[in-house]
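Residue numbers (my numbering): 1 to 171.
See below for the structure under consideration.
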């Protein structure tokens, strides 16, 4: 069942130039989204990026209720232990707040990019975690400058992944 936990969400890239603390509140093995995604928050959980090079954990932030953050919890090992330790648990999505069925006013800071983008996340399809087909789409407000990506729900128990899963290393 490859498509069992495929989830669709829209992240809208609005532009760069923000500065945020990307290292605050890293996840631990006891993070709620690692134990089981909440039915009331289908966005929460682990997501494999479209290039299949990273896994991002989206969960409620410690900074306040109804705010969501995303942490890098899996990636292709670089071969450099120090670099891998810095990347593990890095917050790359933050500041998302809930408004109806949309998460707004957030930011995305890809580690391979020097830019920080404003984002908006909207669920597509069914709002339950067990829905067979859901997904994550990313597009810009200015469509000429936009990029579309799909993130799929990631199952830690899935075989065949070469990604280094590091969330248990952070406490």
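In this text, a Cβ means the ideal position worked out from N, Cα and C, and glycines have one as well.
- Task: Throw me the rounded Cβ distance for the residue 96 and residue 63 pair, which I believe falls under 8 angstroms.
- Result: In fact, because the Cβ distance is near 11 angstroms, the residues do not count as touching under 8 angstroms.
- Message: Can you tell me whether residue 81 is helix, strand or coil according to DSSP?
- Response: helix
- Task: Reducing DSSP to helix, strand and coil, say where residue 160 ends up.
- Result: coil
- For the candidate residues 87, 94, 54, 92, whose alpha-carbon lies nearest to that of residue 75? 54
- Task: Using DSSP bridges, identify the partner residues of residue 97.
- Result: 67, 104
- Message: So, with DSSP's three-state summary, where would you put residue 86?
- Response: helix
- Message: Here's the rule: buried if 16 or more other CB atoms are within 10 angstroms of the residue's CB, otherwise exposed. What is residue 156?
- Response: exposed
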